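Enquirer: All residue numbers for the sequence shown refer to UniProt numbering, where the first residue is 316 and numbers rise by one. Here a beta-carbon is modelled for each residue, glycine too, at the ideal position from N, C-alpha and C. Please read all numbers here as calculations on a predicted model, not as lab measurements.
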Amino acid sequence: AEEALRQSQKMEAVGQLSGGLAHDFNNILAGINGSLELLKIRLAQGRLADVDRHLSGAQSAIKRAASLTQRMLAFSRRQTLDPKPANPNHIVAGMTELIGRSVGPSIAIRMSAASDLWNTFVDIGQLENALLNLCINARDAMPDGGTLTIESSNCHLDDARASQLGLSTGAYVSLCVSDTGIGMSKDVVARAFDPFFTTKPVGQGTGLGLSMVYGFAGQSGGTAHIDSEPEQGTRICIYLPRYEGEESLENNVQLAAAVAAA
Ligand code: ADP
């Protein structure tokens, strides 16, 4: 019975992972589709100035898709993820264009980056996917437009706050995505991190985005937390442990490449 339980837990984990990857893949395809759609409009208008930018947008999305399939291969070979010393402000800065494209023009984006944000030790591709998931959920919660805020902070969690969050006391970096959208009832908040829990119509929600975010944050030594009120909006924060070392040079090279492509 124990072996059967282990097996079923393993199957569940594989199911969650493959479903989650498919979900991230779909987000990327939607982004490419958006770039091509804009490209079509610009070409029809004869506005060639923007064409290059939208082509680069589609290209960088294709690169993200390729790195996702790389990770699927890595998982099927049972390799572990690839955390590196990174500064979340730099990761968010490299994503502004992508986020803007993903949420569309009816949503205002506000960035509030802590100066001297601490570094953390994290899989950068996974953190990008998690943030994109949160932004896309925020967009879905604001069908009539609104404001999306991405905020980074240094946090010292005292005993009380840490135990509320299920973390050890100490220093963390938080990344919070807030929206002014429809919000969630208490029941929805309680289940939102569950895999396959969705309130969206069939075909529109997989119920995997937030379970991926939660799983990723936990695997990274942190957690994720939801604050939400119906009709007031939602704020979802990812906490990642502070890393005392330097950001690796490799990240800056990646960042430079992302900025050049944007
Ligand atoms: P999906 O988006 O595919 O439904 P998620 O796991 O990302 O799956 O989200 C689960 C549910 O949590 C959503 O169906 C929705 O009810 C709720 N939710 C997530 N993010 C928000 C948000 N920003 N505002 C309101 N509700 C949200």
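Answer yes or no: the CB of Ser427 versus the heavy atoms of the ligand ADP, is any distance below 8 Å?
Expert: Checking every heavy atom of the ligand ADP against the Cβ of Ser427, none is found closer than 8 Å.
Enquirer: Report buried or exposed for Gln385, applying the criterion of at least 16 other Cβ atoms within 10 angstroms of its Cβ.
Expert: Exposed: under 16 other Cβ atoms inside 10 Å.
Enquirer: With DSSP as the reference, please indicate the residues paired to Cys450 in a beta bridge.
Expert: Answer is none; Cys450 lacks a bridge partner.
Enquirer: Please confirm whether any heavy atom of the ligand ADP lies closer than 8 Å to the CB of Lys515.
Expert: Yes.
Enquirer: Should Leu363 be labelled buried (16 or more other beta-carbon atoms within 10 Å of its own) or exposed?
Expert: Looking at its Cβ environment, which holds fewer than 16 other Cβ atoms inside 10 Å, Leu363 is exposed.
Enquirer: What are the boundary residues of the alpha helix (DSSP H) that includes Ala403?
Expert: Contrary to the premise, residue 403 reads as Pro rather than Ala in this sequence. Counting along the chain, the alpha helix (DSSP H) containing Pro403 begins and ends at 403 to 408.
Enquirer: Spatial neighbours of Cys552 within its chain, please: C-beta separation below 6 Å, excluding the five flanking residues on both sides.
Expert: So the qualifying residues of the chain are Ser489, Cys491, His540.
Enquirer: Let me make sure I understand the geometry here. Which of Val528, Tyr529, Phe512 has the alpha-carbon closest to that of Thr521?
Expert: Answer by Cα proximity: Phe512.
Enquirer: Mapping the DSSP letters down to three states, classify Ile377 as helix, strand or coil.
Expert: DSSP places Ile377 in helix when its eight states are reduced to three.
Enquirer: So is the beta-carbon of Asn448 under 8 Å away from any non-hydrogen atom of the ligand ADP?
Expert: The answer is yes for Asn448.
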